[in-house]
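Have a look at the structure below, then the notes.
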Amino acid sequence: MLKIAILKADHIPESRWQYSGGDYPEMIKKFFVTTGKNINFLSFDVSNKQYPLEFSEIDCFIITGSRANLCDNKDWINELKVRILEYYKLRKKIIGICFGHQLLAELFGGKVEKSKQGLNIGIQTLVFDKELDWMTPFQSSLNLSHCHKYIVSKLPNNSKAIAKSPLHDIAAFTMDDNVLGIQAHPEMLKKHCIYLEDKIINKDKKQFEDKNISKHNKCNEIEEVDCQIVAKWLINFINS
């Protein structure tokens with residue numbers, strides 16, 4: 004049985020659970036259910052500096068998204084970097100989603116900056132130009148939910164970009180054989196993305212009037228997001 008530690012870097016307000024399917028741990032658990040694999044999930048609120056005391060049997064650490072930004076330089080973010088470096092040195096598999104993707108890039112020497120297009124929200128198509136061993140079943144393009152203001156603009160040394168999107172060239176990257184970052188939210192349901200898109204773009208339009216919004220695929224224009232394929236890929240990555 005795989006053992007996955009979810010490093011929760013934020014929380015989903017309870018008022019959104021009807022769209023999200025719960026807080027980050029519940030979202031990620033439901034995301035992996037589609038693989039049919041038997042997984043033991045552990046959850047740690049790293050934004051409150053909670054970590055596993057014993058992690059020798061943990062196969063993978065997943066860093067969730069967060070409303071926080073790396074430039075905030077908060078104590079809990081700095082401690083998270085120290086912990087991730089420790090897990091990396093022990094050759095643990097580490098997956099970063101959105102904020103987690105950016106944290107991994109910066110931690111290992113890459114660069115993260117505010118997107119010149121402003122707020123990126125909606126469903127974007129990621130294009131994978133190379134099939135890696137764990138990308139089974141392979142699909143060269145995937146529609147996934149996004150909600151972020153920052154992007155990885157420079158890769159760490161010894162890493163490689165594996166996907167790009169219409170708005171940024173480093174939509175996902177790998178480093179060595181145990182680090183994977185993805186800017187998208189593969190765990191985010193389409194209805195959750197629709198809710199965020201409506202709330203932020205339509206109801207708070209004056210606050211978020213960014214020219215990039217029109218370049219996105221609107222959530223309602225996409226039949227479905229490709230969550231199930233990514234879930235299979237991540238299980239394969241953890242087992243590789």
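So the sequence shown is numbered by my numbering: it starts at 4 and just counts up by one.
Even glycine gets a Cβ: it sits at the ideal position worked out from N, Cα and C.
Quiz item: Using the beta-carbon count (16 or more within 10 Å), is P159 buried or exposed?
Solution: By one-based count along the sequence shown, residue 159 stands at place 156. Label assigned to P159: buried.
Quiz item: Tell me the DSSP bridge mates of I197?
Solution: For the purposes of this step, residue 197 is identified with residue 194 of the sequence shown, where counting begins at 1. According to DSSP, I197 bridges with nothing at all.
Practice problem: Output yes or no for whether 8 Å exceeds the beta carbon distance between S50 and A12. | Solution: Numbered from its first residue, the sequence shown carries residue 50 at position 47. Numbered from its first residue, the sequence shown carries residue 12 at position 9. Yes, Cβ-Cβ distance for S50 and A12 is below 8 Å.
Quiz item: DSSP three-state call for E57: helix, strand or coil?
Solution: Position 54 of the sequence shown, counting from 1, holds the residue named residue 57. E57: coil per DSSP, three-state reduction.
Self-check item: Straight-line Cα distance separating G113 from S162
Solution: For the purposes of this step, residue 162 is taken as residue 159 along the sequence shown, with counting starting at 1. For the purposes of this step, residue 113 is taken as residue 110 along the sequence shown, with counting starting at 1. Each residue's alpha carbon lies about 9 Å from the other.
Quiz item: What are the complete beta strand (DSSP E) segments, minimum 3 residues, inside the stretch 61-119?
Solution: 63-66, 96-100 and 114-117
Quiz item: If you check the beta carbons only, do S156 and E116 fall under 8 Å apart?
Solution: As a first step, residue 156 is located in the sequence shown; it is residue number 153 there, counting from the start. As a first step, residue 116 is located in the sequence shown; it is residue number 113 there, counting from the start. In this structure, E116 lies closer than 8 Å to S156 by Cβ.
Quiz prompt | Straight-line Cα distance separating A164 from L1 | solution = Absent from the structure is residue 1, since the part of the chain shown begins at 4 and ends at 243.
Exercise. Identify whether M30 lies in helix, strand or coil by the three-state DSSP scheme.
Key: Position 27 of the sequence shown holds residue 30. Reduced to three states, the DSSP call for M30 is helix.
Quiz prompt | L237, DSSP secondary structure in three states | solution = Taking the first residue of the sequence shown as 1, we reach residue 237 at position 234. Correct three-state label for L237: helix.
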